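Numbering (our numbering), first residue to last: 8 to 378. Every residue gets a Cβ at the ideal spot worked out from N, C-alpha and C, and that includes glycine. Just so it is clear, the structure is predicted and the values come from calculations on it, not from any experiment.
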């Protein structure tokens, strides 16, 4: 009798796990996942959610205007790695190992975590266990764009928070040393077009960068001692300024930063596109937008028409916000954005592991590819 009960219990457990897997796979097929994202998702369950996030962002912006750029970048880095699931916020990975947050592309340059935590605390006080951290990140990016560029758009919500964060997955992020083709491929892997890539690159008009991301454009470190160089597409005068700022022995921990747009570093405008033909694109990847004919045409178009770029930027941000989202029964609504909910530790067998970051119909944890 005991053996029969044990067998029945085991069978029931397997059936339960299979049901969870099936639910995740079904709810995250691309069309179904996107359909569950909608504007006004919290109108009934937490009607003041977006207002509370907006207040937290505005308060932080009043103290440090540069935080807006950090929050925009935080959303980008979240969505490009495992989808828009707030995995970039996790400080601990239940499976062990280094998280995205501590990976080289994010540490120490990524910022805005404290703002997300403040927004989450306000939302939790008003509507406990209702609003996901992933949606808060998307709202905060939108509010940052509004504050810096007077651009308004609505954010479809309903994202759920992921339970996995691996530093190795940050390989999906386009590096500042990326070639034009690498940029095209990285964005295409997330179902974003060449135009989306050029449009979203315009976010480099706000914020700052650490020397490590560009110092090798002005220093040849293969010689001893290092010698001064001027990378292709870089203005010699601009290179001299960067060389004076960044030492030749720059490392990942060198704390020196510079504005990516020296003219209007805290204003979301089209100045980025105006700087490129002048040889003032800070990153190697920025200059790559000039070497591809199709990209160069878009750069010229956006440099001439800021309104056009802002319209396309808002649309591209909404599209990016749909990358590999978890919705419905998948994922969770974290109570603390930095750690998965305690229940996630007790039933690891219900976490679906179906792959890595490839843009297939269903990805690791049942992610759906964006369209």
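So is residue 234 buried or exposed if we call it buried at 16+ other beta carbons inside 10 Å?
-> exposed
Quick one: Cα of residue 322 to Cα of residue 46, how far?
-> 14 Å
Alpha carbon of residue 62 to alpha carbon of residue 139, nearest angstrom = Taking the straight line joining both Cα atoms gives about 17 Å.
What residue range is occupied by the uninterrupted alpha helix (DSSP H) comprising residue 246?
-> 243 to 252
How would you call residue 174, buried or exposed, if buried means at least 16 neighbouring beta carbons within 10 angstroms?
-> By the 10 Å Cβ count, residue 174 comes out buried.
Kindly indicate which three-state DSSP category residue 121 falls into: helix, strand or coil?
-> helix
Per DSSP, cross-strand counterpart(s) of residue 45 = 164
Contacts around residue 309, its chain only, beta-carbon distance under 6 Å, and the 5 residues preceding and following it disregarded | Closer than 6 Å at Cβ, skipping near neighbours: 277, 280, 316.
Mark residue 294 as exposed unless 16 or more other C-beta atoms lie within 10 angstroms of its C-beta, in which case mark it buried.
-> buried
Proximal residues to residue 109 (C-beta, below 7 Å), its chain only, five neighbours per side dropped = 174
Which residues in the same chain have their Cβ closer than 6 Å to the Cβ of residue 225, if we skip the five residues on either side of it in sequence?
-> Beyond the five residues adjoining it in sequence on each side, residue 225 comes within less than 6 Å, by CB distance, of 246, 249, 250 in the same chain, given in chain order.
DSSP-derived helix/strand/coil call for residue 294 = DSSP, reduced to helix, strand and coil, places residue 294 within a helical segment of the structure shown.
Measuring alpha carbon to alpha carbon, tell me which of 165, 68, 69 ends up nearest residue 48.
-> 165
So the alpha helix (DSSP H) residue 83 belongs to, where does it begin and stop?
-> 74 to 86
Hey, would you say residue 333 sits closer than 8 Å to residue 90, going by beta carbons?
-> yes
Reduced DSSP category for residue 230 - H, G, I as helix; E, B as strand; rest coil | coil
Quick one: any contact between the segment 324 to 340 and the segment 212 to 224, if contact means 3 or more CB pairs under 8 Å?
-> With the cut-off at 8 Å, the segment 324 to 340 and the segment 212 to 224 do not touch.
Pull up the DSSP beta-bridge partners for residue 235, would you.
-> 226
For residue 205 versus residue 320, is the C-beta distance shorter than 8 Å?
-> no
Around the Cβ of residue 119, are there at least 16 other Cβ atoms within 10 angstroms (buried) or fewer (exposed)?
-> buried
Determine the closest residue to residue 344 out of 104, 105, 136, 66, with distance taken between C-alpha atoms.
-> That would be 136, whose Cα lies nearest to the Cα of residue 344.
Would you tell me roughly how many angstroms separate the C-alpha atoms of residue 296 and residue 303, rounded to the nearest one?
-> 6 Å
Consult DSSP for residue 149 and reduce its assignment to one of helix, strand or coil.
-> helix
If you run the structure through DSSP and keep just helix, strand and coil, what is residue 221?
-> coil
Outcome for residue 100 when other beta-carbon atoms lying within 10 angstroms are tallied against a minimum of 16 = buried
Local Cβ density within 10 Å of residue 353, reported as buried at 16 or more and exposed below that = Reliability of the predicted coordinates at residue 353 is poor, the pLDDT of 45 falling under 50, and the value obtained from them is presented with this limitation in mind. Classification of residue 353: exposed, given that the 10 Å Cβ count is below 16.
Would you tell me roughly how many angstroms separate the C-alpha atoms of residue 216 and residue 141, rounded to the nearest one?
-> 24 Å
Cβ separation of residue 82 and residue 128, assumed to be a contact under 8 Å, to the nearest whole Å = In fact, because the Cβ distance is near 19 Å, the residues do not count as touching under 8 Å.
Could you spell out the range, first to last residue, of the beta strand (DSSP E) harbouring residue 266?
-> Element bounds for residue 266: 264 to 266.
What residue does the alpha helix (DSSP H) around residue 63 start on, and which one ends it?
-> DSSP places residue 63 in the uninterrupted alpha helix (DSSP H) bounded by 56 to 70.
Can you have a look at residue 273 and say buried or exposed, based on whether 16 or more other CB atoms are within 10 angstroms of its CB?
-> Residue 273 counts as buried, since no fewer than 16 other beta carbons sit within 10 angstroms of its beta carbon.
At which residues does the alpha helix (DSSP H) containing residue 281 begin and terminate?
-> The continuous alpha helix (DSSP H) containing residue 281 extends over residues 278 to 282.
Sequence-distant residues of its chain with Cβ nearer than 6 Å to residue 43 (five each side left out) | 165, 334, 335
The alpha helix (DSSP H) spanning residue 197 covers which residue range?
-> Taken as a continuous stretch (DSSP letters only), residue 197 belongs to no alpha helix (DSSP H), as it is neither H nor E.
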